[in-house]
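S.K.:
Number of protein chains: 2
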Amino acid sequence: MSTDPHPDFFARHTDLLHQAVERAAARDYWSPYPETPSTSAYGAGAPEVGEAAFRGLLGRPFPLEGHPTTGTVPAAEISPYGFPLGISYPWLVPEAAVATAKAAAVAWRVASPDTRAGVAAEILARLNAASFEIAHAVQHTTGQPFLMAFQAGGPHAQDRGLEAVAYAWQEQRRHPATTRWSKPQRRGGPLVMDKTFTPVGRGVAVLIACNTFPTWNGYPGLFASLVTGNPVIVKPHRRAVLPLAITVRVAREVLAEAGFDPDVVLLAAERPEERTAPVLATHPDVRIVDFTGSSEFGDWLEANARQAVVHTEKSGLNTVVVDSTDDYAGLLRNLAFSLSLYSGQMCTTPQNILVPRDGISTDQGPRTADEFTADLGAALDKLLGDPGRAAATLGAIVNAGVLGRLEEAADLGRTAHTSREPAHPDHPDAVVRTPLVARLDAEADEKTYTSEWFGPVSFVIGTDSTAHSLRLLHDTVRRHGALTASVYSTDDTVLEVARATALEAGVHLSENLTGGVFVNQSAAFSDFHGTAANPAANAALTDPAFVTGRFSVVQSRRHASAEEHVHA
Amino acid sequence: MSTDPHPDFFARHTDLLHQAVERAAARDYWSPYPETPSTSAYGAGAPEVGEAAFRGLLGRPFPLEGHPTTGTVPAAEISPYGFPLGISYPWLVPEAAVATAKAAAVAWRVASPDTRAGVAAEILARLNAASFEIAHAVQHTTGQPFLMAFQAGGPHAQDRGLEAVAYAWQEQRRHPATTRWSKPQRRGGPLVMDKTFTPVGRGVAVLIACNTFPTWNGYPGLFASLVTGNPVIVKPHRRAVLPLAITVRVAREVLAEAGFDPDVVLLAAERPEERTAPVLATHPDVRIVDFTGSSEFGDWLEANARQAVVHTEKSGLNTVVVDSTDDYAGLLRNLAFSLSLYSGQMCTTPQNILVPRDGISTDQGPRTADEFTADLGAALDKLLGDPGRAAATLGAIVNAGVLGRLEEAADLGRTAHTSREPAHPDHPDAVVRTPLVARLDAEADEKTYTSEWFGPVSFVIGTDSTAHSLRLLHDTVRRHGALTASVYSTDDTVLEVARATALEAGVHLSENLTGGVFVNQSAAFSDFHGTAANPAANAALTDPAFVTGRFSVVQSRRHASAEEHVHA
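These protein sequences, in sequence, are chains D and F.
Its first residue numbered 134, the first sequence is counted upward by one per residue in the numbering used here.
Its first residue numbered 134, the second sequence is counted upward by one per residue in the numbering used here.
(1) How big is the Cα-Cα spacing for F/A299 and F/S494?
(2) Could you tell me the distance, in whole angstroms, from the CA atom of D/M326 to the CA atom of D/W314?
(3) In chain F, what lies closer than 7 Å to D/Y162 by C-beta?
(4) With three or more C-beta pairs closer than 8 Å as the rule, is the stretch 394–409 of chain F touching the stretch 139–149 of chain F?
(5) Any C-beta of chain D sitting closer than 8 Å to the C-beta of F/L642?
(6) Can you confirm whether F/H444, when its beta carbon is compared against all beta carbons of chain D, has any partner nearer than 8 Å?
(7) Hey, out of F/L573, F/L388, F/L536, whose CA is closest to F/A549's CA?
(8) Check whether the Cβ of D/F661 lies closer than 8 Å to any Cβ atom in chain F.
(9) Counting only beta-carbon atoms, is F/E304 nearer than 8 Å to chain D?
(10) Taking just the CA atoms, how far does D/V333 sit from F/A633?
(11) Please determine if the stretch 625–632 of chain D and the stretch 670–681 of chain F are in contact, where contact requires at least 3 C-beta pairs separated by less than 8 Å.
(12) May I have a chain-ordered list of the beta strand (DSSP E) segments no shorter than 3 residues that lie completely inside the stretch 588–637 of chain F?
(13) At the level of alpha carbons, what is the spacing between F/T506 and F/G477?
(14) Which residues of chain D have a Cβ atom closer than 8 Å to the Cβ of F/G251, listed in chain order?
(15) Hey, does D/N645 have any beta-carbon neighbour from chain F nearer than 8 Å?
(16) Please state the DSSP three-state secondary structure of F/M326.
(17) Could you pull out every unbroken alpha helix (DSSP H) segment of at least 4 residues lying fully inside the stretch 474–521 of chain D, listed in chain order?
(18) Between F/Y162 and the rest of its own chain, which residues show a CB-CB distance below 8 Å, the 5 nearest in sequence each way excluded?
(19) Where F/P589 and F/V365 are concerned, what is the direct C-alpha to C-alpha distance, given to the nearest angstrom?
(20) Taking Cβ positions, are F/P196 and F/Y475 nearer each other than 8 Å?
(21) With C-beta atoms as the reference, is D/G220 less than 8 Å away from D/E228?
(22) Between which two residues does the alpha helix (DSSP H) holding D/D432 run?
(23) Could you tell me the alpha carbon to alpha carbon distance between F/A441 and D/L646, rounded to whole angstroms?
(24) Return the bridge partner residues of D/I341 from the DSSP annotation.
(25) Could you tell me the boundaries of the beta strand (DSSP E) in which D/F684 lies?
(26) For F/G276, tell me which candidate among F/N363, F/L527, F/G510 has the shortest Cα-Cα distance.
(27) Does the beta carbon of D/A179 sit closer than 8 Å to a beta carbon anywhere in chain F?
(28) Using a C-beta cutoff of 8 Å, does D/P677 count as contacting chain F?
(29) Can you find a C-beta in chain F that's less than 8 Å from the C-beta of D/S689?
(30) Between which residues of its own chain and D/A297 is the CB-CB distance below 6 Å, once the five residues before and five after are set aside?
(31) Using a C-beta to C-beta distance shorter than 7 Å, which residues of chain D count as neighbours of F/S619?
(32) Would you mind telling me which residues of chain F sit closer than 8 Å to D/A635, beta carbon to beta carbon, in chain order?
(33) Under 9 Å between beta-carbons, which chain F residues line up against D/P84? List them in chain order, please.
(34) Using a beta-carbon distance below 8 Å, is F/H692 in contact with chain D?
(35) Applying a beta-carbon distance threshold of less than 7 Å, which residues of chain C neighbour D/G682?
(36) Which residues does DSSP list as the beta-bridge partners of D/Y204?
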């Protein structure tokens, strides 16, 4: 029946979308995009093709055909593994970006949620196919080790993207597009009205992405805004433009094939001397902001981007309460890996490890806080002793800010386990550091541990007791926020109290992780990331609240025509 | 199995709750609470018993047994029908109210969404049984005519309340309370985690209610907050305390019967010299605010109650676009009634009626804007000529602010139809006014019609053309907001453009209302009230966005015990 020359992406992805809605609601294990960087999952030659695509981007202007531009953003990205990417990008001043996005979105706004969800699913399918290219781009902008860059930057980010698509699509389908309202009257026939309910996007969206997880943290907002009918201006971090430039390229390609103006998705890279995020976020026509980054700027956005709904993920004090364990070796191994993974540069990495000064009971006998600290240091040494495994775990340090904090932590003079600078076997110029562990006291060092030390800096903090640790967990998280909390105990009562404490503090809790699951991991379609219930984030990835503010349902109503309803 | 002595209100209302969820999603006609103030619906003697209950409240302290208090709020309410109510209330200073609510909510927060929804449904059932008492309370605080006070203040408000209960309950049931996550591994058995998902209320809620529709506008926020696990401090308007005092009395009675601390719902009436709303709304422990009232204070709340999610319904410019009609008599009758109902003191009453200067085409021939204005005046005279019908339609003027605006409108010197002061047949001291209609021009009088004239003041505004009218509709609503828009046209193209314009402006549209449905009416379970898409309101009654911000889902996870999953 249709003479539309454009491919029907919704038809292509209907099953996937329905499945995504179902699995997001079930919250059990599901991942539509294979996490293994293997040829069996991605096809023969995929690793080489992806790497070649990445190499082909280096040292020249990024190809974004037809993208509006007001000049050039000179090449500035430098791989934490020690070489400049040499890629320049189109420059687009905020006023032009907003005006272009707004003008481009006319057809996108009136397209159906089905159509928009289909386009989004196709974008994700092509991003998935580009996972190796994206992995290299993520590795060499964030410093993540390759496997992590592949997984977190590729399929896991795509999972999070599809999760957002599912909620956004489903939420727009909760009410019928049309309905007939028939109200009985005391005398005569009923009053009959035909009503129309139309989801309408809120307006231009701006995604302000971060340096460390540009795609994983960026895709939920990007796709939630898109599917709810909004154009999106992608404002990447100046040191991690490439992964999102590739994303924008793919999105624009699919939009154009679907018959939409590709300017529904725009890249707004900034020049070295610019700071465009505040300008974009407070533009009167910008109605949605998604942000991952510092508490300082996140709080500023919440206070100042008053014309927009603002979703923020900021910083916090991820906390571990250690009470007792029946698998001390597993605890140490698990915790050492959590501190080491990507050199602690995850918003979910534990910082404050609360241990009763007098010690904990373990299957290897009691351990004082000091002994625990030494054991943790030994576990770190064991994990990171092999150079290859160290490199594959730590990755590289993302920027000078992290290095500075590491030096500052060393200057505290409380170091229990020193940060080392292991050589990277493949990248001699990579900036690699192992975690520093400092031994603090709950009372004396409150000022130190109640601010965030993003990077490979963690504290073993001596407390009076586990009860004291739980009080500290509650109070510090309520005041300063956290994305993760963790407890180790063999005592059911302690676990119960820890659960109640975490609920009151509004933070997700992991209990007794000693195996192959780590507190820093958050699996799309099962784990919510953030709660919006403590200062670390005002949104969760992804729940209904993350999408409901991005559109309104606008209604029209009229009398049903008499011939249609007179006998109803 | 249960030895709980408390009645199981959830079991009692399960069917109703499921039905409410289903019908809210369907958006067709449904009203669980009978809107007719009849003995057949409410039982023999119900009218007399309700009136006697109201009379029994007059002239003495309002009975709120066990309600915490820091003194007395002296009697101050005066019926717009001409007599003082003479009712004093417990006084509760903001700091004490917040501390008491917070402390009282411990068990309420951890109760299940089912339990909370059951309690809410029981409160609504008892409010419904008290509809006559509430009707008199609403009539004599707001000035609404009795039938409207009964319907809008009683069953229709209860409908809105149940609608909020349905969304709040459903939203907390979207994810399972527990789930098992089983991730296949390349080697060995799967990783298996047990996960718990718990909805946790955001914190103390404050309802800041209005003078004109204390229950209809108040119940959605009250019930949405309650069902999502939050205690609610009800801060009534100083001139309309009684309807919400009765509501609080009923809520506390049900909470206590269900075994909860009745202080989960508190009344915070203010003394004449106080202004507690800003203090309550910005208290650090207040995490949810619902407000109906002026744009000035609503905007202030949005800007300043930063620690809370703030839901506002403010003021706007409700607009009618008149292009053409094939039922001119019906149009005039319908519009005259919309302007007259409760003397135009509804947030949904049309203010700006846009008519091409050169005229419109009707089944009675062409009419210029001036002729249309005269015809509308005649329709008002016809509708309000009978003193009984006038009184039953107009009710009384709620406060001196409305009277002042009416005088100010007369002073514009553009009156086309004068406001009269008909005598009320039953209440000689009632303050009754008929609508004033002024004849303005789109260009010359922009300043006048782009502010809200809440009350019986409407403008027929001459425009260049219907296209010009539609542009004005768009621009004024986007800039100043509106809760309703309406169009009259026999031209399908005009209707299409009007729909598109209303979608872009973000306002609900009614088309060609000439019969027994009026633009000011909004039926729970079918019509959304407000869109959150224009400045008149940042929330809609009731959609998912209205409830999602009131709670978070907080998660815990742990390895499944080996014996349970080893063969899974």
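Where is the CB? At the ideal position from N, CA and C, for every residue including glycine.
A quick note: this is a predicted structure, and the numbers were derived from the prediction, not measured.
M.R.: Looking at the atomic coordinates:
(1) By one-based count along the second sequence, residue 299 of chain F stands at place 166. By one-based count along the second sequence, residue 494 of chain F stands at place 361. Using only the alpha carbons, I get a separation of about 45 Å.
(2) The residue given as residue 326 of chain D occupies position 193 in the first sequence. The residue given as residue 314 of chain D occupies position 181 in the first sequence. Cα to Cα, D/M326 sits roughly 5 Å from D/W314.
(3) Residue mapping note: residue 162 of chain D aligns to position 29 of the first sequence, counting from 1. The contacting residues are W314, S315, K316.
(4) Output reads no: the stretch 394–409 of chain F does not touch the stretch 139–149 of chain F.
(5) Along the second sequence, one-based indexing puts residue 642 of chain F at 509. Interface residue (Cβ-Cβ distance to chain D less than 8 Å): F/L642 is classified as such.
(6) Numbered from its first residue, the second sequence carries residue 444 of chain F at position 311. In terms of beta-carbon proximity, F/H444 stays away from the interface with chain D, with every pair separated by 8 Å or more.
(7) Start at 1 with the first residue of the second sequence, and residue 549 of chain F comes out as number 416. Relative to the Cα of F/A549, the nearest Cα in the group F/L573, F/L388, F/L536 belongs to F/L573.
(8) As a first step, residue 661 of chain D must be located in the first sequence, where it is residue number 528. The beta-carbon of D/F661 is placed less than 8 Å from the nearest beta-carbon of chain F.
(9) Here residue 304 of chain F corresponds to residue number 171 of the second sequence, with the count starting at 1. It does; some Cβ of chain D falls within 8 Å.
(10) Within the second sequence, the letter at position 500 stands for residue 633 of chain F. Within the first sequence, the letter at position 200 stands for residue 333 of chain D. Using only the alpha carbons, I get a separation of about 11 Å.
(11) Too few Cβ pairs lie closer than 8 Å, so no.
(12) Fully enclosed beta strand (DSSP E) runs of 3 or longer: 590–596, 618–621.
(13) What you label residue 506 of chain F is simply residue 373 of the second sequence in a count that begins at 1. What you label residue 477 of chain F is simply residue 344 of the second sequence in a count that begins at 1. Near 17 Å, if we compare the C-alpha coordinates of F/G477 and F/T506.
(14) To locate residue 251 of chain F, count along the second sequence from 1; it is residue 118. For F/G251, there are no C-beta contacts with chain D under 8 Å, since the nearest C-beta of that chain is about 21 Å from it.
(15) As a working mapping, residue 645 of chain D is identified with position 512 in the first sequence. Chain F has a Cβ within less than 8 Å of the Cβ of D/N645.
(16) By one-based count along the second sequence, residue 326 of chain F stands at place 193. F/M326 falls in the strand class under three-state DSSP.
(17) For the stretch 474–521 of chain D, whole alpha helix (DSSP H) runs of length 4 or above, ordered along the chain, are 502–517.
(18) Position 29 of the second sequence, counted from the start, is the residue given in the question as residue 162 of chain F. Excluding sequence neighbours, F/Y162 sits near A656, F658, S659.
(19) Counted from its first residue, the second sequence places residue 589 of chain F at position 456. Counted from its first residue, the second sequence places residue 365 of chain F at position 232. Straight-line Cα distance between these residues: approximately 34 Å.
(20) Translated into positions along the second sequence, residue 196 of chain F becomes position 63. Translated into positions along the second sequence, residue 475 of chain F becomes position 342. It is not a contact, given that the beta carbons lie outside the stated cut-off.
(21) Counted from its first residue, the first sequence places residue 220 of chain D at position 87. Counted from its first residue, the first sequence places residue 228 of chain D at position 95. It is Ile, not Gly, that sits at residue 220 of chain D in the sequence shown. No, Cβ-Cβ distance for D/I220 and D/E228 is not below 8 Å.
(22) Counting from one through the first sequence, the residue named residue 432 of chain D turns up at place 299. It spans 428–437 - the alpha helix (DSSP H) in which D/D432 sits, taken as one unbroken run.
(23) Locating residue 441 of chain F in the second sequence gives position 308, where the first residue counts as 1. Locating residue 646 of chain D in the first sequence gives position 513, where the first residue counts as 1. Distance between F/A441 and D/L646, taken at the CA atoms: about 34 Å.
(24) Here residue 341 of chain D refers to the residue found at position 208 of the first sequence. D/I341 pairs with D/K368, D/F424.
(25) On the first sequence, residue 684 of chain D is found 551 positions in, with the first residue counted as 1. Per DSSP, D/F684 belongs to the beta strand (DSSP E) from 684–692.
(26) Here residue 276 of chain F is taken as the residue at index 143 of the second sequence, counted from 1. Of F/N363, F/L527, F/G510, the residue nearest in Cα terms is F/L527.
(27) Counted from its first residue, the first sequence places residue 179 of chain D at position 46. Closer than 8 Å: no.
(28) In the first sequence, counting from the first residue as 1, residue 677 of chain D sits at position 544. Yes, its Cβ sits closer than 8 Å to a Cβ of chain F.
(29) For the purposes of this step, residue 689 of chain D is identified with residue 556 of the first sequence, where counting begins at 1. Interface residue, yes.
(30) Translated into the one-based positions of the first sequence, residue 297 of chain D becomes position 164. Within the same chain, D/A297 has close Cβ partners P353, F356, A357, T675.
(31) Position 486 of the second sequence, counted from the start, is the residue given in the question as residue 619 of chain F. Under the 7 Å cutoff, chain D gives no residues; its nearest Cβ is about 10 Å from F/S619.
(32) Locating residue 635 of chain D in the first sequence gives position 502, where the first residue counts as 1. Taking the beta carbon of D/A635 as reference, the chain F residues within 8 Å of it are V687, S689, listed in sequence order.
(33) Given that chain D is displayed from residue 134 to residue 701, the structure contains no residue 84 of chain D and the question cannot be resolved.
(34) For the purposes of this step, residue 692 of chain F is taken as the residue at position 559 of the second sequence. At least one C-beta of chain D is nearer than 8 Å to the C-beta of F/H692.
(35) No chain C appears in this structure, whose protein chains are D and F.
(36) Position 71 of the first sequence, counted from the start, is the residue given in the question as residue 204 of chain D. The sequence shown places Gly at residue 204 of chain D, rather than the Tyr named in the question. According to DSSP, which records beta bridges pairwise, D/G204 is partnered with D/W224.
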